[in-house]
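So the sequence shown is numbered by our numbering: it starts at 7 and just counts up by one.
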Amino acid sequence: MTIDTIEIHDEERTRCEVWTRVMGYHRPVSAFNAGKQSEHRDRVCFSEQPAGVHAQRRRRAEAA
7 MTIDTIEIHD EERTRCEVWT RVMGYHRPVS AFNAGKQSEH RDRVCFSEQP AGVHAQRRRR
67 AEAA
């Protein structure tokens, strides 16, 4: 059996509680008010590049 053939029905699923760090402490997102939950949904994940990487890429792009 492969992961592509596994099928889970909604009634077999378990609700997952999502926690996030806000103002220096962790809280479940379900405890947020509607406005804060909306802010959480709109968050964008990113990964940082080491210093200087963006400048090198920009120079290469400008040279091309």
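The beta-carbon is built from N, C-alpha and C at its ideal position, and this holds for glycine as well.
Source: prediction; values computed, not measured.
Cβ shell of residue i (< 6 Å), same chain only, five flanking positions each side left out
{"i": "residue 34", "result": "23, 25"}
Test item: CB-CB of residue i and residue j under 9 Å
{"i": "residue 38", "j": "residue 46", "result": "yes"}
Cα-Cα separation between residue i and residue j, rounded to whole angstroms
{"i": "residue 20", "j": "residue 14", "result": "11 Å"}
{"i": "residue 16", "j": "residue 10", "result": "17 Å"}
{"i": "residue 70", "j": "residue 42", "result": "44 Å"}
{"i": "residue 5", "j": "residue 58", "result": "Absent from the model: residue 5. The displayed extent of the chain is 7 to 70, so no value can be given."}
Nearest candidate by alpha-carbon position, reference residue i, set the options
{"i": "residue 49", "options": "12, 62, 28", "result": "28"}
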